Every structure is written in C-alpha cells, then in structure tokens.
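Using our numbering, read the sequence shown as starting at 1 and increasing by one per residue. Every residue, glycine too, gets a C-beta built ideally from N, C-alpha and C. From a predicted model like this one, the values you see are computed outputs, not experimental measurements. Everything below concerns the one structure shown next.
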Amino acid sequence: MTYRAPVRDISFALTHQAGFPRVAALAPEADADTVAAVLEAAGVFTAEVLAPLNRSGDLNGATYENGRVTAAPGFADAYRAFAEQGWTGLSAAPEHGGQGLPKALEIGVYEMVSAANMAFSLCPILTQGAIEALAHHGTARQKTLILPRLVSGEWTGTMNLTEPQAGSDLSAVTTRAEPDGEGGYRLKGEKIFITWGDHDGADNIIHLVLARLPGAPAGVKGISLFAASKRILNEDGSLGGLNDLRPASIEHKLGIHASPTCVMLFEGARAELVGVENQGLAHMFTMMNAARLQVGTQGVGIAERAYQQALAFSLERRQGRSAWTGEASAPIFDHPDVRRTLIFMKAKVDAARAICLSTAVAADLARLASDPAEKEAARLREELLTPIAKAWSTDVGVEVASLGVQIHGGMGFIEETGAAQHYRDARIAPIYEGTNAIQAIDLIGRKLSMAGGAAIAALLEEMRAAAADLAGGELADIGVRLSAGVEAASACTDWLTEHKGTPDALAGATAYLGLLGDVVGGWMHAKAARAAAGNSEPWMQGKVAVARFYAEQILAQAPGKAASVTQGIKALEIGRDALQA
C-alpha cells in the first residue's frame, strides 16, 4: 500500500494545537512559506524514496559478513540522497553547517520519515542525538572536525550505553577508558543493542560511548562519555585506517529488520573525552532526551502508516451489509465496529502527533524566548511532556498497529499485506531509549516535583481553562469530558505527590502516565475542535467529529482510570507461587 504523507494534518497540528505561531514569531527563518515548502518536500521524499523500501527492507534486512555490516538493498543510496537534500541538518546551528530551523518543524518532518520507513529513520535519529550532545558538550576540536560532518550527513552517529550485564541499569557499565599517554584514551569493552552501529551508507561513524576511567567512582557517578570514530580521525579532519572497534554480530529481531542492531566490540579503540570526566551520564542525557522525543514521533509515524493502510483496506474489502445504506456486499468501512475502530485509531494518532509537536515547540521556546519567565516555563513544559511524548505515543503506535491488523482480519495476519510489519516494527519503540515504565517512573519521581510542582500545576491549570472555555457553546460536551479528565489527573497528581518515593507511588506510575497522556491528548483535541468549529469543509468538520469521539470514547474513561493510579502496592502482593501455572 502506498504511503500518503499527512502534510496537512501536521501543518494543522503545528498551527492550532502545538503553538508553533509563537515559535515562528521568534524565528524569522520559519516563515509560513518556508515551513510549507519543507513539509511538502519532506512529504515527496518520504513517499517516493523511503516508503517503497519499507517492505523490501523488512524482507531482506541488513546483513553481517566478514566483520562488516551491509545495509538492506537501496538503503545506502537512500541515506546518501537524504543527506544530500539537507534533511540531516534541519535544526542544527548554522555555524555547524545546519539550517537553524525550529525543532518542531524537524519533528514534523521526522514523523513522515518514520512513517515511510521506521527502520531507516533510526539512522538519522541517532545522528541527530549525537549532534545535540556534541553541540552542548563537545570540545572545540570536536565541534570543528566532527560536528559539521554529522550535520551534513557525511558521517552518522550512534549511542553506546547498554552492555550484556547492564541493561537499563547504567551503574553496572564496565567498559574501560584507559589514558593512552598522548591526551587520548583507549576503549575496551562490549556494547549491545547499538542501532546502526555499522553500515555502508556513510564514510564514517562516530560512536558516543559510556565508559569508566581508572579510579572512577562506583555507580553512575563514575561514568564518562567518549567519542570513538570508526576510522581514525587525523588532526586535519581527514580519515585514516580503521579504528580498533568492530561489530561482532547483528541481532535477529522481531521487527525493524533493515535497521542493523549491532554487538560492538571496543578492542583498544582510540577515543577522546566528551565533556567533563565522570559527567558522562548527564552529557549522554542530552542525546537521550532528543532521542526520546524522536522515538515518540516514531510511534506517531508508525501509527499513521498503520491507520492509512487499515482505512484503505476497509474501503476496498467488501463483506456484509452496510449499516447506513443497506447495500449488500458493502465495504467493511460501513460496518459500525470497523468504523468505530478506524475513528479510534485516527483520534489516537492525532492526539499523539499534537503532544510530540507541543513538546518540540516547548523546546524551541526554551531556546528562543528572550523573556526569562517564558524561557523557564517552556523548559519545564518540555521536561514534563517528554516522558509522555515518548511513552504514551509509542504505546499508541503499538495499539494502532495492532488494530490495523484487526481491521484486515485474517489477511492482517498474512505478511504479504504489510499490516503485520507495522505491528512488529512498532513493538520496539516502547522498549528502547528508556522503557515506558522508566518514563513513568521519571514522570512521577522527578517531573511532578520540578519547580516545587509548578510545572504540572501550570499544565493542569491550562487544561482547566481550555475546558472552561468550551462551556455553554457547541463544544460544551467536549469541555465537560475534558474537565472531568483534568480533575481526575489533578487528584492523582496530589496523591502521588503525597506518596512520593514510596512503593505505592511506583505501583501507580504507568497508570498515571497513561491517564495524563489521555487527558493531554483530549486537550489537544479540544484545541483542534475549537479551531475547526464553524468551518463547513468536510476535512475541518472531521476534526470536530474526531475530537468529540475522543472525548466520549477515551476521555470519558479518565475518572475510572484514577483508581489504577492510587491502588498502591498492596494489589501487587501476590506471591510467585500463586502466579505460576
């Protein structure tokens, strides 16, 4: 099935839900014509170049032979075209060769990249993270010799955290960095799950690696960040021979087969320190936070792709009688439950898109705003929304992809239709870049208490005001549901604040993130309905209809979900013997 880039949906979400006009007012380069041109061009490239490789990439995958990785057929050429067109440097600073465009516009573009070809998207996403890490923490040499080549796409970047004995627990990292006596270091250790750790699509790969210096403190306080180049980087920026690092294998995965996930061996590899000794985890979080928003956007993209395919199938597949016209052998789109499922999918996709773009807008305002109060409020909003954008949106990706299989019926379980691939690909996103449970724990453990609770209080108050604004008008029913959802989230927030740091709070973390994501999604739909109300165009009327559906089908459940947040750990006190077969 062909992919149609949802340029209009993304533009609408930027303008009417995410608050992009404020960013545009602060960034002269982001005028309306430029934004429209970038989104349209990205839509063409993703639909015409990346989407046709999605199925073949799944079937053929990346390959490993003689210690080197070869990308799936067509992927290396597609990456080079991607880089040549400038897509790798959209939001990077002009002094490093970037275009200096807002992060929100970049996120809109990368939704389309992920939807067209999720396995491909991971390569530039990791490079984007490396760009941000080096821009913030790199040395002058690194910013001169490495950063511009990552921005141009001439080189790609990776993130090397996980080790066989250390999954999410980075305090257990054992990779060593030993001074070489010449101002550099030698890395020795093994890293696993390294996305695009090796490939033939670029001249060089820069690995950002967490490792320990001799005598470093135990735990996460003794981790430093290093840059290791696949090929030796000479002082003039030219490339020498291969460094002492290599992929030992690539993983055989459930999905994203065209994304080479490598086991990387560092066998005395030359490396240089990034940032400050023993501050590596903090430095790496710059990269991780950027990647978390991008992974949330992957959830949006794969959900959009699965929805488009399910909708097209429902309009083509004929079976049974139409509930609306009585037509025999009608498209299954005219079966009430099929249509309900499709609207549900659409409602979740639109909400997740708006949440991710809103997070990116907050990041832009935290960078661009001149008023200190606005800058700080935007920073707090970005911090608060990031775990929701990552976790809620990737859960949406899995849920919508699963429903896409269901819409296809038995044909969805057959690989040739492609619906199953979307589900398989989507399933990794709730796991990597910090599992969704880790995002939930971060939300309740750190984000709710930011600025003495001011960040979450401001969000709840803004949503209350939006609900009140709808009272008494044609959208009052949406306002009622939103108001009830906000109060449920507020009550749960108070309960979690009272129980902070306890097992009771941890037991409700995932449920709370899901509840808050549902409510923030409802707020985004309320904004959409407000913007589209009174417009007679069917597409705009659809925005109101989908918002109303979201309110009645998803927001309506919010008060009931609150009990799952506050049940505490006692409900989990079931022994292993009772759970065994």
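Since residue i sits in a beta bridge, which residues does DSSP pair it with?
| i | result |
| --- | --- |
| residue 227 | 208, 272 |
| residue 163 | 166 |
| residue 263 | 249 |
| residue 156 | 205 |
| residue 233 | 239 |
| residue 69 | 64 |
| residue 331 | 318 |
CB-CB under 7 Å to residue i, same chain, minus the five flanking residues each way: which ones, in chain order?
| i | result |
| --- | --- |
| residue 296 | 356, 389, 390, 393, 394 |
| residue 314 | 331, 332, 333, 338, 342, 407 |
| residue 486 | 460, 463, 464, 467, 519 |
| residue 78 | 49, 50, 53, 120 |
| residue 305 | 3, 115, 422 |
| residue 280 | 210, 223, 224, 225 |
Thinking C-alpha only, which one of the options is nearest residue i?
| i | options | result |
| --- | --- | --- |
| residue 163 | 176, 157, 132 | 176 |
| residue 260 | 270, 197, 143, 190 | 197 |
| residue 90 | 81, 110, 74, 76 | 110 |
| residue 270 | 298, 240, 284, 250 | 240 |
| residue 397 | 436, 464, 22 | 436 |
| residue 377 | 275, 458, 76 | 458 |
| residue 23 | 105, 83, 45, 60 | 105 |
| residue 302 | 115, 38, 446, 220 | 115 |
| residue 275 | 204, 237, 142, 206 | 142 |
| residue 316 | 329, 527, 549 | 329 |
| residue 535 | 576, 515, 474, 481 | 474 |
| residue 380 | 532, 133, 528, 451 | 451 |
| residue 290 | 277, 127, 118 | 127 |
| residue 155 | 125, 182, 117 | 125 |
Take residue i and list the residues in its own chain whose beta-carbon comes closer than 6 Å to its own, dropping the five residues that flank it on each side.
| i | result |
| --- | --- |
| residue 517 | 388, 392 |
| residue 571 | none |
| residue 364 | 23, 102, 103, 104 |
Specify, as a first and last residue, the run of the beta strand (DSSP E) that residue i falls within.
| i | result |
| --- | --- |
| residue 370 | No beta strand (DSSP E) holds residue 370; DSSP gives it neither H nor E. |
| residue 189 | 185–195 |
| residue 28 | No beta strand (DSSP E) contains residue 28, which DSSP labels as neither H nor E. |
| residue 177 | 176–179 |
Please report the residue range of the alpha helix (DSSP H) in which residue i lies.
| i | result |
| --- | --- |
| residue 297 | 280–316 |
| residue 108 | 103–116 |
| residue 63 | Looking at the DSSP string, residue 63 is not in any alpha helix (DSSP H); the run it does join, the beta strand (DSSP E), is 63–65. |
| residue 455 | 454–469 |
| residue 520 | 509–532 |
| residue 497 | 476–498 |
| residue 145 | 140–145 |
| residue 564 | 558–566 |
| residue 582 | No statement about residue 582 is possible, as the shown extent of the chain runs from 1 to 581 and does not include it. |
| residue 550 | 538–553 |
| residue 633 | Outside the shown range of the chain, which is 1 to 581, sits residue 633, and nothing can be said about it. |
In chain order, what residues of the same chain lie with their CB nearer than 8 Å to the CB of residue i, ignoring the 5 residues before and after it?
| i | result |
| --- | --- |
| residue 415 | 421 |
| residue 172 | 163, 165, 166 |
Query - Sufficient close CB pairs (3 or more, under 8 Å) joining the region 304–312 to the region 411–420 - result: yes
Query raised in the report: So does the region 92–112 actually touch the region 9–19, counting three or more Cβ pairs closer than 8 Å?
Result: yes
Query raised in the report: Taking contact to mean at least 3 C-beta pairs separated by less than 8 Å, is the region 312–331 in contact with the region 359–376?
Result: no
Query raised in the report: With contact counted as at least three CB pairs below 8 Å, one residue from each stretch, are the region 39–55 and the region 91–101 in contact?
Result: no
Report task. Pair every Cβ in the region 558–574 with every Cβ in the region 498–511, then say whether three or more of these pairs are closer than 8 Å. Result -> yes
Query raised in the report: Okay, do the region 484–498 and the region 537–544 touch, 3+ Cβ pairs below 8 Å being the bar?
Result: no
Query - Stretch-stretch touch, CB-based, cutoff 8 Å, three pairs: the region 422–429 with the region 242–262 - result: yes
Report task. Could you tell me whether the region 243–250 touches the region 61–73, using the rule of 3 or more Cβ pairs below 8 Å? Result -> yes
Query raised in the report: Using 8 Å as the Cβ pair cut-off and three pairs as the minimum, do the region 129–147 and the region 176–189 touch?
Result: no
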